[in-house]
Amino acid sequence: MRPYVGAPGPACLVVMAGSFAGGGSLAQLIRLWSNQFVTVELRVGTEDLLRCRFALSPLWETVAAVRTLADPRRQAYHLPWLRKVHGRLSDADLAPLIALLPSSGYTPDFLTPPPAGPLDDVTAELDRVAATPLEQVARELHDSLAGRRPVRVRPEVARRLLDDPAKALRELVALLRTCWTALLADQWPRLRDLLDNDIAVRSRQLADGGLRRLIKDLHASVHWHESTLRVAAPYRLTKSLGGQGLLLMPSAFVWPALTVVVEPPWQPTLIYPARGIADLWHQPPPRSGEALHRLIGRTRAELLLGLDDPVSTTALARQHGVSAATASAHLAALRDAGLVTSHRVSYAVLYRRTALGTALCHG
1 MRPYVGAPGP
11 ACLVVMAGSF
21 AGGGSLAQLI
31 RLWSNQFVTV
41 ELRVGTEDLL
51 RCRFALSPLW
61 ETVAAVRTLA
71 DPRRQAYHLP
81 WLRKVHGRLS
91 DADLAPLIAL
101 LPSSGYTPDF
111 LTPPPAGPLD
121 DVTAELDRVA
131 ATPLEQVARE
141 LHDSLAGRRP
151 VRVRPEVARR
161 LLDDPAKALR
171 ELVALLRTCW
181 TALLADQWPR
191 LRDLLDNDIA
201 VRSRQLADGG
211 LRRLIKDLHA
221 SVHWHESTLR
231 VAAPYRLTKS
241 LGGQGLLLMP
251 SAFVWPALTV
261 VVEPPWQPTL
271 IYPARGIADL
281 WHQPPPRSGE
291 ALHRLIGRTR
301 AELLLGLDDP
311 VSTTALARQH
321 GVSAATASAH
331 LAALRDAGLV
341 TSHRVSYAVL
351 YRRTALGTAL
361 CHG
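So the sequence shown is numbered by full-length UniProt numbering: it starts at 1 and just counts up by one.
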């Protein structure tokens, strides 16, 4: 993850914006703030318009969640989550990971590889981190730590990471896995609902009015002007997307910032605050209930409740002890009622709940 605001020559930057949990909009402040900056310009061609896509990354959210844990003052919306996870990592030494996540400056790219597809799995993402060439690990650790002495990086921690890149990589992968399990795993269905609902809205905007319509209310620092995306930034950069298109990633924990990634291995990417974050932690998580059983039948209710993540018919049937034919018939009925959606990934058809289905599961 290349430098944040204030660092020169970035591949990745974060632009601050948003609104406080108390309801006060920062839009005017951002406009004043933006006037002190120049612009990153991303030129969009015809081929790029055909290659805009959305993706989610559990690993990105994990790293962003660790940032929030390390600096909770800037994340008023996440205070309920912070209270919930308080103490879960009391036995873990997060210093090596936090040392690589400065509030400004360079963060190693290998910690957050670009998502391989729209439905990336955290285990697969961690496997990709673990497979990072050691030459890259050593180079990026050096870029991040050498000569930098921020308050929260102890010299012995920096030295430990720099002296043995192979050991550092193993330690960081283990810490990322621990952080995912402790901080986000049990909340991922809730987060997926937020992110999927955002993608549904943005996809409709993209279909109805193109990229110009989608960008209109994406973030206060982003504007569309004559086939060019303009992002207020502390340095000037003009880059053509070059037919790669644009990857759009909603995030819960990036708020109130916007992250722009412009260099390989990432496709040009905007990581932006998902809609509805103010209500994220105030909705009850999906739960079982007799009322739902009575409404749609016990088997259909249990199948619906089991769709926190995309699941194939065969896997869902196995989980609930029914035949594949029975599961398929129930899923077809749930889909016809607008409670689930299906999409093909390679040779499998995966099902997951819609926003309406999740609302029913909330009881």
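A virtual CB, placed ideally from N, CA and C, is assigned to each residue, including glycine.
Bear in mind that the values here come from a model prediction, so they are computed numbers and not experimental data.
By the criterion of at least three beta-carbon pairs nearer than 8 Å, the region 55 to 70 is in contact with the region 247 to 255. Taking each of T326, E41, A182 in turn and checking the Cα distance to K84, the smallest one comes out for A182.
About 5 Å separates the beta carbons of L237 and V40, which is inside the 8 Å limit, making them a contact pair. In the three-state scheme derived from DSSP, where H, G and I count as helix and E and B as strand, Y235 is classed as coil. The region 267 to 279 makes no contact with the region 302 to 316: fewer than 3 CB pairs, one atom from each, lie closer than 8 Å.
Membership of L206 in the alpha helix (DSSP H) is indicated by the continuous run 188 to 216. Straight through space, the alpha carbons of R344 and A325 are spaced by roughly 18 Å.
With contacts defined by Cβ atoms closer than 8 Å, T354 and V340 form a contacting pair.
By the neighbour-count criterion, in which a residue is buried when 16 or more other Cβ atoms sit within 10 angstroms of its Cβ, H219 is buried.
Each residue's CA atom was taken as its position, placing T107 and L184 some 21 Å apart. The DSSP-derived three-state label of R53 is strand. Straight-line measurement puts the Cα of P80 at about 31 Å from the Cα of D127. Cα atoms of H282 and L134: separation of roughly 43 Å, rounded to the nearest angstrom. In this structure, the alpha-carbon of F110 lies about 10 Å from that of A138. With fewer than 16 other Cβ atoms inside 10 Å of its own Cβ, E263 counts as exposed. In its chain, beyond the 5 residues on either side, P108, D109, F110 have a beta carbon closer than 7 Å to the beta carbon of E140. Note on geometry: alpha-carbon atoms of D208 and D120 lie some 27 Å from one another.
Using a Cβ distance threshold of 8 Å, A70 and L101 count as a contacting pair. For G276, the closest C-alpha among the options C179, L169, L191 is that of L191.
Counting of Cβ neighbours within 10 angstroms places T112 among the buried residues, the total reaching 16 or more. By the 16-neighbour rule on beta-carbons within 10 angstroms, G321 is exposed.
Here the C-alpha atom of E125 lies approximately 19 Å from the C-alpha atom of I98. About 7 Å separates the CB atoms of L175 and P96; that is less than 8 Å, so the two are in contact. Secondary structure of L307 (DSSP, three-state): coil. When the beta-carbon positions are compared, A55 and P155 stay at least 8 Å from each other. In the DSSP assignment, S251 falls within the unbroken beta strand (DSSP E) covering 247 to 251. The residue from G242, R159, H362 with its alpha-carbon nearest to that of D48 is G242. When C-alpha distances from R159 are compared across R204, A146, G338, S203, the shortest belongs to A146. The Cβ atoms of V44 and S227 lie closer than 8 Å to each other.
Closest by C-alpha distance to D163, out of L172, R177, H142, is H142.
For H142, the enclosing alpha helix (DSSP H) begins and ends at 134 to 145. With fewer than 16 other beta carbons inside 10 angstroms of its own, Q319 counts as exposed. Residues W188, P189, R192, R352 of the same chain have their beta carbon placed closer than 8 Å to that of D309, with the five preceding and five following residues left out of the count.
For W224, the uninterrupted beta strand (DSSP E) segment begins and ends at 222 to 224. With contacts defined as CB atoms closer than 8 Å, R298 and L334 fail to qualify as a contacting pair. Take P72, set aside five residues on each side of it, and the residues of its chain with a beta-carbon closer than 6 Å to its own are L82, in chain order.
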